[in-house]
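Numbering (our numbering), first residue to last: 445 to 519. Written below as structure tokens is the structure these notes are about.
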Ligand SMILES: [Zn+2]
């Protein structure tokens with residue numbers, strides 16, 4: 445079993461926790477967004493470590509392709 449860190453998704457704008465969404469840390473400070481709904485990259489998601497908005501590297505389709513995020517501050 446691989447050891448992966450998972451974090452709840454925090455919407456940086458509203459400070460609300462997104463239900464049914466989570467971030468999987470695949471390499472240090474780079475995250476894959478798992479969500480049942482498509483989350484456009486215009487939605488800013490806070491870094492679980494420093495709280496800064498994550499940078500969207502790649503916007504997925506909310507279905508099979510997952511969005512990729514990276515923290516430019518601590519990453
Ligand atoms: Zn960070």
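Each residue gets a CB set at the ideal place from its N, CA and C atoms; glycine is no exception.
Next on the checklist: Would residue 498 and residue 509 qualify as a contact pair, given that the criterion is a beta-carbon distance under 8 Å?
Outcome noted: For this step, residue 498 is matched to residue 54 along the chain shown. For this step, residue 509 is matched to residue 65 along the chain shown. Their beta carbons are not under 8 Å apart, which means residue 498 does not touch residue 509 by this criterion.
Checklist entry - Got a sec: does ligand 1 put a non-hydrogen atom nearer than 7 Å to the Cβ of residue 485? => result Locating residue 485 in the chain shown gives position 41, counting from the first residue. The answer is no for residue 485.
Next on the checklist: I need the DSSP call for residue 496, collapsed to helix, strand or coil.
Outcome noted: The residue you call residue 496 lines up with position 52 of the chain shown. Residue state, collapsed to three classes: coil.
Checklist entry - Under a three-way DSSP split, which group does residue 473 fall into? => result For the purposes of this step, residue 473 is taken as the residue at position 29 of the chain shown. The answer is coil: DSSP assigns residue 473 none of H, G, I, E or B.
Next on the checklist: Following a CB-centred definition, is residue 493 positioned closer than 7 Å to any heavy atom of ligand 2?
Outcome noted: As for ligand 2, it is missing from this structure, which binds only ligand 1.
Checklist entry - Per DSSP, residue 468 forms a beta bridge with which residues? => result The residue you call residue 468 lines up with position 24 of the chain shown. Note: residue 468 sits in a beta bridge opposite 450 and 476.
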